[in-house]
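**Q** Below is a structure I'd like to ask you about.
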Amino acid sequence: MKLAILPGDGIGPEIVAQAVKVLKALNLNMTMTEAPIGGAGYEASGDPLPDATLQLALDSDAVLLGAVGDWKYDKLERHLRPERGLLRIRKALNLFANLRPALLYPELAGASTLKPEVVSGLDIMIVRELTGDIYFGQPRGISSLPNGEREGINTMRYCESEIRRIGRVAFDIAMKRRQPGQKAKVCSVDKANVLETTELWRQVMIELSADYPEVELSHMYVDNAAMQLIRAPKQFDVMVTGNIFGDILSDEASMLTGSIGMLPSASLDENNKGMYEPSHGSAPDIAGKNIANPLATILSAAMMLRYTFNDESNALRIENAVKKALAQGYRTADIATDGCKQVGCSEMGDAVVAAL
Ligand code: IPM
Ligand code: MG
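Numbering-wise, the working numbering comes out as the position in the sequence shown, counting from 1, plus 1.
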């Protein structure tokens with residue numbers, strides 16, 4: 002098992018260190034090699050995705066990533082900014098399927114801004130397409146019109162095969178998640194009333210659903226989906242959507258669970274090679290203070306064992322250790338409540354290791 006470790010920027014290095022600690026405690030036969038990405042890549046070699054980092058990622062079975070970005074790079078030309086490094090590695094590794102689970106741990110029901118009865122038992126899987134859509138469509142850019150005014154352009158586009166392959170991922174996951182006696186559900190989110198790209202999206206999802214008679218497919222416009230996620234989130238099981246809608250809805254869904262600091266993610270290619278990262282960003286304001294929540298990154302390592310290495314038992318071992326640490330009262334600042342044991346980032350890592 003060859004693993005590329007890309008800590009990135011901001012809190013990236015400290016949270017990744019905790020996930021590495023947990024993986025090492027499992028004594029798996031795994032080699033780990035570290036490389037810079039994002040602002041760290043830019044500092045190291047003038048490129049947010051240095052060639053050597055990309056090569057390492059290509060040569061590895063999986064990538065564990067912290068986070069990229071820092072305000073201090075906002076003035077750089079767009080292609081040098083940390084976010085470009087992330088988008089390029091997703092594209093270069095063909096990681097088209099982004100899985101973002103929103104799972105509420107019972108111990109954290111009080112940390113959500115929503116009423117406990119609205120969120121308790123919440124377990125949603127957002128399947129976001131990650132290598133297409135308006136994020137990558139051409140033409141794009143800022144140019145000048147003949148009248149001297151500037152114009153910005155991005156292009157929303159999807160071809161059929163891109164929609165079909167992410168649809169398959171969603172339907173397959175719904176089948177795997179199905180509980181005895183319950184129907185598997187996929188809700189496809191689009192804006193088919195306005196955007197042709199997503200009209201096609203809806204057509205392809207309907208065609209695909211013929212292959213999955215056990216799965217109940219529904220459709221929702223993205224504006225309504227944003228509202229329903231807050232109103233009655235438990236109506237959802239698997240949600241599948243394009244890159245930009247998935248970006249927005251997954252941030253929204255994360256807050257249902259109390260803190261964005263809890264949510265892992267997996268980005269997979271056709272062969273389940275993957276990059277694993279927390280759904281949250283680099284939080285440069287709290288970097289280096291040992292107060293960040295490492296659980297999303299630790300849970301991302303669990304997803305890595307499950308999806309890339311097919312090691313369900315060690316994935317569960319990590320997830321259960323996280324639950325145990327929470328049940329023992331350990332909390333980082335973002336999820337702290339009265340009477341808990343408030344700890345720093347590395348102490349939370351230690352608590353999970355101890356609970357393994
Ligand atoms: C995410 C992030 C990225 C995205 C940024 C950092 C480019 O928001 O992973 O959700 O928009 O995909
Ligand atoms: Mg985002």
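For every residue, glycine included, the Cβ atom is placed at its ideal position computed from N, Cα and C.
For clarity, every value in this text was computed on a predicted model and none was experimentally measured.
How long is the line joining the alpha carbons of residue 65 and residue 250, rounded to whole angstroms?
**A** Going from the Cα of residue 65 to the Cα of residue 250 covers about 23 Å.
**Q** Which residue wins for smallest C-alpha separation from residue 328, given the options 335, 316, 342?
**A** Among 335, 316, 342, the Cα nearest to that of residue 328 is on 342.
**Q** My understanding is that residue 319 touches residue 299, with C-beta atoms under 8 Å, so please give their C-beta distance in whole angstroms.
**A** With 8 Å as the limit, residue 319 and residue 299 qualify as a contact, their Cβ atoms being about 6 Å apart.
**Q** Any chance the CB of residue 252 is under 7 Å from a heavy atom of ligand 2?
**A** For ligand 2, at least one heavy atom lies less than 7 Å from the Cβ of residue 252.
**Q** Return the bridge partner residues of residue 1 from the DSSP annotation.
**A** Residue 1 cannot be examined here, being either before or after the span of the chain that is shown, 2 to 357.
**Q** Can we count residue 71 as close to ligand 2, meaning its CB is less than 7 Å from some heavy atom?
**A** Because no heavy atom of ligand 2 lies under 7 Å away, the Cβ of residue 71 does not count as near it: no.
**Q** According to the neighbour-count rule (16 or more other Cβ atoms, all chains shown, within 10 Å of its Cβ), is residue 297 buried or exposed?
**A** With 16 or more other Cβ atoms within 10 Å, it is buried.
**Q** Out of 145, 207, 142, point me to the one whose CA is closest to residue 161's CA.
**A** The candidate whose alpha carbon is nearest that of residue 161 is 207.
**Q** What three-state label does DSSP hand residue 107 in the structure shown?
**A** Of the three classes helix, strand and coil, the one that applies to residue 107 here is helix, per DSSP.
**Q** Give a yes or no on whether the C-beta atoms belonging to residue 201 and residue 136 are separated by under 8 Å.
**A** No. Outside cutoff.
**Q** Roughly how far, in whole angstroms, is the beta-carbon of residue 70 from the beta-carbon of residue 83, given that I think they are within contact range, below 8 Å?
**A** At roughly 4 Å, the Cβ-Cβ gap stays under 8 Å, so residue 70 and residue 83 are in contact.
**Q** Under a Cβ-count criterion, where at least 16 other Cβ atoms within 10 Å of its own Cβ denotes burial, should residue 3 be classed as buried or exposed?
**A** Exposed, by the Cβ-count rule.
**Q** Based on Cα-Cα distance, which residue from 125, 79, 6 lies nearest to residue 231?
**A** Checking every option, the nearest Cα to that of residue 231 belongs to 125.
**Q** Return helix, strand or coil for residue 124, following the three-state DSSP convention.
**A** Looking at residue 124 - three-state DSSP - the assignment turns out to be strand.
**Q** Go through the segment 37-86 residue by residue and report every complete run of the alpha helix (DSSP H) that reaches 4 residues or more, in order.
**A** For the segment 37-86, whole alpha helix (DSSP H) runs of length 4 or above, ordered along the chain, are 40-46, 52-60.
**Q** May I have the straight-line CA-CA distance separating residue 331 from residue 22, to the nearest angstrom?
**A** Taking the straight line from one Cα to the other gives about 17 Å.
**Q** Under DSSP, the alpha helix (DSSP H) around residue 275 begins and ends at which residues?
**A** It is not in any alpha helix (DSSP H) - residue 275 instead sits in the beta strand (DSSP E) that spans 275-279.
**Q** Are residue 5 and residue 36 closer than 8 Å when you measure CB to CB?
**A** Closer than 8 Å, so yes.
**Q** Locate the beta strand (DSSP E) running through residue 143, then write down its first and last residues.
**A** Per DSSP, residue 143 belongs to the beta strand (DSSP E) from 142-145.
**Q** Ignoring anything shorter than 3 residues or poking outside the segment 203-267, list the beta strand (DSSP E) runs there in chain order.
**A** Listed in chain order, the complete beta strand (DSSP E) runs (minimum 3 residues) inside the segment 203-267 are 216-222, 239-242.
**Q** Of all the options 243, 268, 228, which has the alpha carbon lying nearest to the alpha carbon of residue 236?
**A** Checking every option, the nearest Cα to that of residue 236 belongs to 228.
**Q** Can you say whether residue 44 is buried or exposed, counting buried as having 16 or more other CB atoms within 10 angstroms of its CB?
**A** Exposed.
**Q** In chain order, what are the residues with a CB under 5 Å from some non-hydrogen atom of ligand 1?
**A** Chain-ordered list of matching residues: 84, 248.
**Q** Whole angstroms are fine: how far does the CA of residue 148 sit from the CA of residue 7?
**A** For residue 7 and residue 148, the distance between alpha carbons rounds to 46 Å.
**Q** If residue 261 sits next to residue 280, beta carbons under 8 Å apart, how far is it from one beta carbon to the other, in whole angstroms?
**A** About 6 Å; that satisfies the 8 Å criterion.
**Q** Determine the extent of the beta strand (DSSP E) in which residue 8 is found, giving its start and end residues.
**A** Counting along the chain, the beta strand (DSSP E) containing residue 8 begins and ends at 3-9.
**Q** Between which two residues does the alpha helix (DSSP H) holding residue 168 run?
**A** Run containing residue 168: 161-178, per the alpha helix (DSSP H) assignment.
**Q** Take residue 145 and list the residues in its own chain whose beta-carbon comes closer than 8 Å to its own, dropping the five residues that flank it on each side.
**A** Taken in chain order, the residues that qualify are 151, 152.
**Q** With distances taken from CA atoms, which of 353, 272, 325 is nearest residue 302?
**A** Of 353, 272, 325, the residue nearest in Cα terms is 353.
**Q** Nearest by alpha-carbon distance to residue 267: which of 99, 211, 59, 11 is it?
**A** For the residues 99, 211, 59, 11, the minimum Cα distance to residue 267 belongs to 99.
**Q** For residue 314, count neighbouring C-beta atoms within 10 Å of its own C-beta (all shown protein chains included) and say buried if the count is 16 or more, exposed if not.
**A** With fewer than 16 other Cβ atoms within 10 Å, it is exposed.
**Q** Under 8 Å between the Cβ atoms of residue 272 and residue 133?
**A** No, they are not a contact pair.
**Q** So, at 6 Å on beta carbons, what are the nonlocal neighbours of residue 199 in its own chain, with the 5 sequence-adjacent residues on each side left out?
**A** These residues qualify, in order along the chain: 191, 192, 193.
**Q** List the DSSP bridge partners of residue 269.
**A** Partner(s): 98, 275.
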